[in-house]
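Step one of this worksheet: look at the structure below.
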Amino acid sequence: MAAPTPEQQAQLDRALHLLPARWQRTALRLTATWPARVGLGTAWSLQRIEVFDRAMSVAAQLFTSVFPILILLASWFGDAGHDLSTTLGTPPAARAEVEAALKDSGSATFGVIGAIVVLASATSLARALARAFAAVWMLARPRSSPMLAWRWVAVVLAIALSLAVLRRAQSFADGIPPHDLWGDLISFAMLFVLAVFVPWLLLTGIVATRALVPGAALFGVAMLLARPFTGLWLSRSLETSAQRYGSIGVAFTYLAWLYVIAWIFLATAVIGQVLVTDQGPVGRLLAGTGPLIRRGRGASVDRVLVDESP
Numbered sequence: 012m013a014a015p016t017p018e019q020q021a022q023l024d025r026a027l028h029l030l031p032a033r034w035q036r037t038a039l040r041l042t043a044t045w046p047a048r049v050g051l052g053t054a055w056s057l058q059r060i061e062v063f064d065r066a067m068s069v070a071a072q073l074f075t076s077v078f079p080i081l082i083l084l085a086s087w088f089g090d091a092g093h094d095l096s097t098t099l100g101t102p103p104a105a106r107a108e109v110e111a112a113l114k115d116s117g118s119a120t121f122g123v124i125g126a127i128v129v130l131a132s133a134t135s136l137a138r139a140l141a142r143a144f145a146a147v148w149m150l151a152r153p154r155s156s157p158m159l160a161w162r163w164v165a166v167v168l169a170i171a172l173s174l175a176v177l178r179r180a181q182s183f184a185d186g187i188p189p190h191d192l193w194g195d196l197i198s199f200a201m202l203f204v205l206a207v208f209v210p211w212l213l214l215t216g217i218v219a220t221r222a223l224v225p226g227a228a229l230f231g232v233a234m235l236l237a238r239p240f241t242g243l244w245l246s247r248s249l250e251t252s253a254q255r256y257g258s259i260g261v262a263f264t265y266l267a268w269l270y271v272i273a274w275i276f277l278a279t280a281v282i283g284q285v286l287v288t289d290q291g292p293v294g295r296l297l298a299g300t301g302p303l304i305r306r307g308r309g310a311s312v313d314r315v316l317v318d319e320s321p
């Protein structure tokens, strides 16, 4: 865990001084324990990267980047509206709105030029994620370069394809006894691989793969725990939004859902970074041997900011 900034240390000192004198020494000792270090480090890092703003930015880019790619793929291999609704698990009332919107807009037909435009526009998601992960690992702002374009396209396609494959794999595996076990295992494995692959590729391998493993594992677990609640909430919200507001209500409901996913994605990455950089036994075990940040490697990030203020 990175040392607190002077401002953060001042905030902690002020909080300790608010306690009765007889409790201050005990509280100070507690702040040196592993749970307190992880908790404080996570809180400071979430504040440093401005997680709420970044999550909204990533969610908006997911909406405008991944959905068009799913429509593009569906238009090539089947009925765009039906396939998109199936991929997203859209309930009947909202499914009708999605299919009608795609049919009326004529957006289900893509040529080669249209596909190139969609993919080029979708790279904004990859760039937003690159900036977010650079902030998580306290790296300099990534530089945009045509040499990195293939990485952006690969990340966007990986996210879109994983969403399409994950839904179908879950539906297939949930029918295999014991109920839900295989679906959960497949979901965890795919989410774990995606959460390691995305930052590793966007940061050009500067952050060691083993440093990304804790955050990726937390993301997989968090999404599995949230799956029953988000599934129930999303289904009901989509039905209500479709009935009251039509396709625009469905769009905003999906945007809210993507915001939750983006927030979990970034927050678990932050917790993973705090865990693996902690100087205690757990942190040393997770970090292993060798540097976590490979300085001088790659062209997208040119230096490491170890004392960057929030």
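Residue numbers (the numbering used here): 12 to 321.
Heads up, the beta-carbon is just placed ideally off N, CA and C, and yes, glycines get one too.
With respect to the alpha helix (DSSP H) encompassing Leu159, which residues constitute its N-terminal and C-terminal limits? In the sequence shown, counting from the first residue as 1, residue 159 sits at position 148. Counting along the chain, Leu159 falls outside any alpha helix (DSSP H), and DSSP gives it neither H nor E.
Pair within 9 Å by beta-carbon distance, Thr323 and Gly226: In the structure displayed, the chain extends from 12 to 321; residue 323 sits before or after that span and is not available.
Taking a contact to mean a Cβ-Cβ separation below 9 Å, would you say Gln72 touches Leu130 in this structure? The sequence position of residue 72 within the sequence shown is 61, counting from 1. The sequence position of residue 130 within the sequence shown is 119, counting from 1. Contact flag unset, no.
Considering only C-alpha positions, which residue in the set Ile259, Thr264, Leu236, Leu235 is nearest to Leu249? As a first step, residue 249 must be located in the sequence shown, where it is residue number 238. The residue with the shortest Cα to Cα distance from Leu249 is Thr264.
Ordered along the chain, which non-local residues of its own chain (more than five positions away) have a Cβ less than 6 Å from that of Ala267? For this step, residue 267 is matched to residue 256 along the sequence shown. Once the five neighbours on either side are set aside, Ala267 has no close Cβ partner at all.
Going by DSSP in three states, Arg150 sits in which element: helix, strand or coil? For the purposes of this step, residue 150 is taken as residue 139 along the sequence shown, with counting starting at 1. Before going further, note that residue 150 is Leu rather than Arg in the sequence given. If DSSP states are grouped into helix, strand and coil, Leu150 belongs with the strands.
Would Ile304 and Trp148 qualify as a contact pair, given that the criterion is a beta-carbon distance under 9 Å? Start at 1 with the first residue of the sequence shown, and residue 304 comes out as number 293. Start at 1 with the first residue of the sequence shown, and residue 148 comes out as number 137. Between Ile304 and Trp148, the CB-CB gap stays under 9 Å.
Going by DSSP, what residue range makes up the alpha helix (DSSP H) through Thr53? Against the sequence shown, residue 53 aligns to sequence position 42. Counting along the chain, Thr53 sits inside the alpha helix (DSSP H) bounded by residues 45-60.
Length of the line joining the Cα atoms of Ala228 and Val167: Locating residue 228 in the sequence shown gives position 217, counting from the first residue. Locating residue 167 in the sequence shown gives position 156, counting from the first residue. Separation of Ala228 and Val167 (C-alpha to C-alpha, rounded to the nearest whole angstrom) is 21 Å.
Ignore the nearest five residues each way along the sequence and tell me which others in Ala126's own chain have a CB closer than 8 Å to its CB. Taking the first residue of the sequence shown as 1, we reach residue 126 at position 115. Only Leu83 meet the Cβ criterion.
Could you compute how far the alpha carbon of Gly283 sits from the alpha carbon of Arg221? As a first step, residue 283 must be located in the sequence shown, where it is residue number 272. As a first step, residue 221 must be located in the sequence shown, where it is residue number 210. CA-CA distance, Gly283 to Arg221, rounds to 10 Å.
Any non-hydrogen atom of the ligand ADP within 8 Å of Leu202 CB: The ligand content of the structure shown is nil, which means the ligand ADP is not present either.
Note down, in chain order, each residue of its chain lying with its Cβ closer than 6 Å to the Cβ of Gly231, except the 5 sequence neighbours on either side. As a position in the sequence shown, residue 231 is number 220, starting the count at 1. Here the set comprises Phe199, Leu202, Phe203.
Look at Ala70 and Tyr270 and say whether their C-beta atoms are less than 9 Å apart. The residue given as residue 70 occupies position 59 in the sequence shown. The residue given as residue 270 occupies position 259 in the sequence shown. Judged by beta-carbon spacing, Tyr270 lies within the 9 Å limit of Ala70, meaning their Cβ atoms are closer than that value.
Could you check which residue in Ile170, Arg65, Ile187 has the C-alpha nearest to that of Phe78? Taking the sequence shown and counting its residues from 1, one reaches residue 78 at position 67. Nearest option by C-alpha distance: Ile170.
In DSSP terms, what Lys218 is bridged to: If you number the sequence shown from 1, residue 218 lands on position 207. In the sequence as presented, Lys is not what sits at residue 218; that position holds Val. Its beta-bridge partners are Ile304.
From Leu223 to Thr251, what does the alpha carbon distance come to, in whole angstroms? What you label residue 223 is simply residue 212 of the sequence shown in a count that begins at 1. What you label residue 251 is simply residue 240 of the sequence shown in a count that begins at 1. Those two C-alpha atoms are separated by around 39 Å.
Could you give the distance in angstroms between the alpha-carbon of Ala165 and the alpha-carbon of Val128? Numbered from its first residue, the sequence shown carries residue 165 at position 154. Numbered from its first residue, the sequence shown carries residue 128 at position 117. Taking the straight line joining both Cα atoms gives about 15 Å.
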